[in-house]
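The structure is reproduced here in structure tokens:
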């Protein structure tokens with residue numbers, strides 16, 4: 001056994017010993033925090049950073065982990081979700097890495113968390129002032145689908161030249177009669193930069209606009225961080241006659257908690273019937289325990 | 001305003017053929033003459049005597065080497081056709097100059113009536129108006145109506161010549177240059193062209209031209225210039241046989 | 001003050017390489033080369049100047065390597081010229097050299113003020129997005145944000161260029177060369193550019209297809225009175241389209257004049273050879 005947990009358990013008191021507080025060394029954290037400060041100062045602009053090797057394979061949230069560990073302090077409470085669920089394998093492992101190397105408490109209730117690391121969802125309960133949502137980002141470049149060259153996409157961002165992203169949507173409308181782009185819907189941030197919000201469903205996109213909390217995005221493999229600061233205008237790109245819309249779940253109720261206007265997962269029951277449950281498991285749980293209306 | 005629409009002084013043209021070892025050909029040597037407004041000056045001379053060279057120098061298809069050709073418009077502005085700028089020359093060609101060559105240079109895949117109408121369209125006329133004018137001219141020149149919407153390249157030489165005349169006349173040029181415009185026409189059709197030209201003369205158009213037949217020239221010309229080997233050998237006034245279109249000899 | 005021209009080019013030149021004191025002696029029609037024997041630099045074009053009036057078409061003729069396409073690429077801001085300046089009446093009222101334009105201004109100039117149709121349609125089109133999508137890119141560049149409006153305009157342009165309406169939603173990769181070229185023309189016309197630059201538009205097309213493309217360009221001239229610079233090695237194309245013509249050889253303009261004058265009374269030995277070689 002050579003999992004991080006066993007290594008850490010052998011000789012680490014949180015904050016001391018073989019591993020520094022929050023796994024990363026202070027110099028690395030400082031570099032990441034500097035990149036994040038730039039990212040907050042230039043909403044939507046991708047900032048390069050020297051992504052480190054992490055005890056998780058790249059593509060499994062290493063960008064989000066480095067952001068989380070770099071901003072983590074002893075007084076924080078951390079929540080980690082994977083597609084809305086606290087119980088996903090990826091979420092479990094990341095949570096274990098965070099607690100084992102820092103000793104900070106974790107929670108499944110998004111209201112109690114100061115830092116929430118997420119893969120592909122935004123919690124149903126809106127962020128409040130002071131909360132930070134850290135996204136794991138597989139593909140930070142919203143223009144990559146139309147332009148393979150990094151040099152060219154950088155020039156396009158520099159000149160706010162986004163017509164080709166709109167062409168992509170136009171082609172979508174022509175082929176499918178609607179904008180079918182389901183996850184990671186591209187948005188304009190503060191009227192300046194086009195941003196990929198990571199593969200969150202459309203349902204979550206409006207939550208990015210004029211939020212009270214801070215959104216940080218980390219892409220470990222692609223070595224980029226970017227941010228949407230609180231109270232920033234975030235507008236999905238669309239056409240006047242084909243406007244952006246979110247998924248609707250008419251007449252659907254969470255099988256467990258009875259919630260209606262939330263993002264649902266479809267589950268197939270043993271008898272073959274289809275049912276729906278809240279995608280945000282922490283939200284669902286807190287409704288069941290009576291904490292949330 | 002000058003009574004002379006055209007005042008040619010010492011106009012010269014020499015060709016240097018580099019691909020034939022720098023062979024020099026004297027096309028036109030110091031031609032000097034005047035043309036009164038609204039009159040026809042006929043050019044006479046053997047083939048190769050310089051008639052076409054002179055006409056092409058006036059239209060600037062050839063770039064003269066020396067001398068001047070002062071053209072004064074009816075509005076009183078004078079241009080030296082031998083040296084005025086390319087843009088002015090293009091504008092003059094659009095507005096005031098007409099040139100009828102022996103052979104029609106057809107624009108591929110444009111019908112007869114549109115070929116004739118296009119100079120008017122280029123000058124801003126509506127397509128309808130231009131087409132109406134074109135058809136009028138084509139019928140005056142006895143071109144069979146069934147040919148109007150076919151391509152000029154399919155026409156006989158004589159039919160093409162009439163298309164060419166119509167195309168030059170439609171813009172009502174002030175100065176019309178004619179290079180044997182009836183060489184392929186039978187007597188009847190020649191008559192129609194000459195008739196049309198004498199109408200235009202009466203209306204004030206100035207013309208310089210060569211005709212392959214003496215009678216046409218006699219009917220139109222009030223001055224005859226003889227050319228030989230690129231030299232003007234004589235400039236004589238001539239008694240016109242027809243004072244005005246359709247009229248009798250007075 | 002309004003300028004009489006839509007495009008003015010003054011002393012345009014492009015050198016590839018560092019250049020040396022002998023470049024101007026070692027290149028040009030007299031030297032018979034466009035590359036300097038001393039330093040190896042290539043003087044693709046030097047000292048090209050002309051005015052283009054509204055509605056006028058200027059032809060540039062010459063063999064490959066004469067520098068004629070470089071002139072177009074510099075004007076379209078694909079290449080950075082080494083010397084010279086160019087002015088468009090639609091850019092700061094013709095008072096500012098377009099080569100000093102900022103990157104966003106350049107994008108605007110390329111999207112809305114000028115259009116360049118490349119010899120190879122693949123250079124001007126994205127062959128893997130639909131014909132309509134190619135046109136949409138131009139319109140989106142000037143902030144049209146309605147699919148209906150885009151499709152109206154694209155439909156109109158494709159009709160003008162005689163591309164069947166039912167091909168609008170197909171990708172040009174599946175089109176014939178002639179139809180690709182017509183789609184490219186529709187695309188460059190999308191925002192009503194004031195100057196159209198055509199680079200060997202018919203080269204490589206079948207003769208019968210060439211005819212259709214040339215007819216289309218003539219229609220654009222006649223009906224839209226759009227100013228054009230037409231680059232071709234084919235004197236037939238130049239004669240059909242251009243009122244004035246410049247002849248280039250080894251990077252330099254050896255002769256210019258009214259097109260019929262250049263063809264019937266060529267002065268420069270190279271032009272005489274060119275005309276004599278006409279079929």
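Protein chains in written order, with our numbering: chain X, 1 to 293; chain P, 1 to 250; chain C, 1 to 279.
All residues carry an ideal CB built from backbone N, CA and C; glycine is no exception.
Give me the DSSP bridge partner(s) of residue 206 of chain P.
P:175
If you run the structure through DSSP and keep just helix, strand and coil, what is residue 94 of chain X?
helix
If you reduce the DSSP assignment to three classes, tell me which class residue 111 of chain P lands in.
Residue state for residue 111 of chain P is assigned as coil, using DSSP reduced to three classes.
To which residues of the same chain is residue 87 of chain C closer than 6 Å at the C-beta, ignoring the five residues directly before and after it?
8 and 94
Can you give me the Cβ contacts of residue 10 of chain C inside the same chain, cut-off strictly under 8 Å, excluding the 5 residues immediately before and after it?
49, 84, 85, 86 and 87
What does the alpha-carbon distance come out to for the pair residue 130 of chain P and residue 137 of chain P?
11 Å
Mind reading off the beta-carbon distance from residue 29 of chain P to residue 7 of chain P? Whole number of angstroms is fine, and I expect it under 8 Å.
Incorrect: roughly 18 Å between the Cβ atoms, too far for contact.
Any beta-carbon of chain P closer than 8 Å to the one on residue 244 of chain C?
Yes - at least one Cβ of chain P is within 8 Å of the one on residue 244 of chain C.
8 Å contact criterion, which residue 237 of chain C and residue 214 of chain C should meet: CB distance rounded
7 Å
Hey, would you say residue 74 of chain P sits closer than 8 Å to residue 227 of chain P, going by beta carbons?
Against a cut-off of 8 Å, the Cβ pair of residue 227 of chain P and residue 74 of chain P comes out as no contact.
If we define contact as Cβ-Cβ less than 8 Å, is residue 227 of chain C a contact residue for chain P?
By the rule that beta-carbons nearer than 8 Å mark a contact, residue 227 of chain C does not touch chain P.
Note down the Cα distance separating residue 19 of chain X from residue 130 of chain X, rounded to an integer number of angstroms.
Distance from the CA of residue 19 of chain X to the CA of residue 130 of chain X, rounded to the nearest whole angstrom, comes to 28 Å.
How big is the Cα-Cα spacing for residue 40 of chain C and residue 51 of chain P?
51 Å
Under a Cβ-count criterion, where at least 16 other Cβ atoms within 10 Å of its own Cβ denotes burial, should residue 100 of chain X be classed as buried or exposed?
buried
Uninterrupted beta strand (DSSP E) stretches inside the segment 226-279 of chain X (no shorter than 3 residues):
The qualifying runs are 234-236, 264-268 and 274-278.
Contacting residues, own chain, Cβ-Cβ under 8 Å from residue 3 of chain P (five flanking each side not counted):
36 and 37
Within 8 Å of any Cβ in chain P, is that where the Cβ of residue 273 of chain C sits?
yes
I'd like to know whether the C-beta of residue 249 of chain X is nearer than 8 Å to at least one C-beta of chain C.
no
Nearest to residue 134 of chain X by CA position, among X:203, X:64, X:283 and X:74, is which residue?
Looking at X:203, X:64, X:283 and X:74, the one whose alpha-carbon comes closest to that of residue 134 of chain X is X:64.
Compute the beta-carbon to beta-carbon distance between residue 208 of chain P and residue 9 of chain P, rounded to the nearest angstrom, for a pair I have assumed lies under 8 Å.
The Cβ separation is near 15 Å, so there is no contact.
Contacting positions in the segment 145-171 of chain C - beta carbon closer than 9 Å to chain X
145, 146, 147, 148, 149, 150, 151, 168 and 169
Can you tell me whether residue 213 of chain X is buried or exposed, with buried defined as 16 or more other CB within 10 angstroms of its CB?
buried
Looking at chain C, is there any beta carbon in it that lies within less than 8 Å of the beta carbon of residue 123 of chain P?
no
Cut-off 6 Å between Cβ atoms - residues of its own chain near residue 268 of chain C, not counting five sequence neighbours on either side:
Once the five neighbours on either side are set aside, the close Cβ partners of residue 268 of chain C are 254 and 255.
Beta-carbon of residue 61 of chain P versus every beta-carbon of chain C: anything under 8 Å?
Judged by the 8 Å Cβ criterion, residue 61 of chain P is in contact with chain C.
When the Cα of residue 147 of chain P is compared with those of P:114, P:118 and P:82, which residue comes out closest?
The option with the nearest alpha carbon to residue 147 of chain P is P:114.
Using the Cβ count rule (16 or more neighbours within 10 Å means buried), how would you classify residue 260 of chain C?
Residue 260 of chain C should be labelled buried.
When DSSP labels each residue in this structure, what does residue 247 of chain P get in the three-state scheme?
Caution is warranted here: a pLDDT of 39 is assigned to residue 247 of chain P, below 50, making its placement in the model unreliable, and the coordinate value is therefore given only provisionally. Reduced to three states, the DSSP call for residue 247 of chain P is coil.
Burial state of residue 69 of chain X (16 or more Cβ within 10 Å):
buried
For residue 104 of chain C, which residues in chain X fall below 7 Å Cβ to Cβ?
159
Starting from the N-terminal side, write out each stretch of the alpha helix (DSSP H) that is 4 residues or longer and does not extend beyond the segment 23-70 of chain C.
Every alpha helix (DSSP H) of 4 residues or more that sits fully in the segment 23-70 of chain C is shown, in chain order, as 23-26.
Report the residue ranges of all beta strand (DSSP E) runs contained in full by the segment 62-137 of chain C; include only those spanning at least 3 residues, in chain order.
83-88 and 114-117
Taking one C-beta from the segment 133-143 of chain C and one from the segment 160-168 of chain X each time, how about it: are there three or more such pairs within less than 8 Å?
yes
Could you give the DSSP three-state label for residue 226 of chain P: helix, strand or coil?
DSSP places residue 226 of chain P within a strand segment (E or B) once states are collapsed to three.
Contacts around residue 117 of chain C, its chain only, beta-carbon distance under 8 Å, and the 5 residues preceding and following it disregarded:
124, 181, 184, 185, 188, 196, 197, 198, 199 and 201
Taking residue 140 of chain C as the query, report the chain X residues whose CB atoms sit under 7 Å from its CB, ordered along the chain.
Correct list: 163, 166 and 167.
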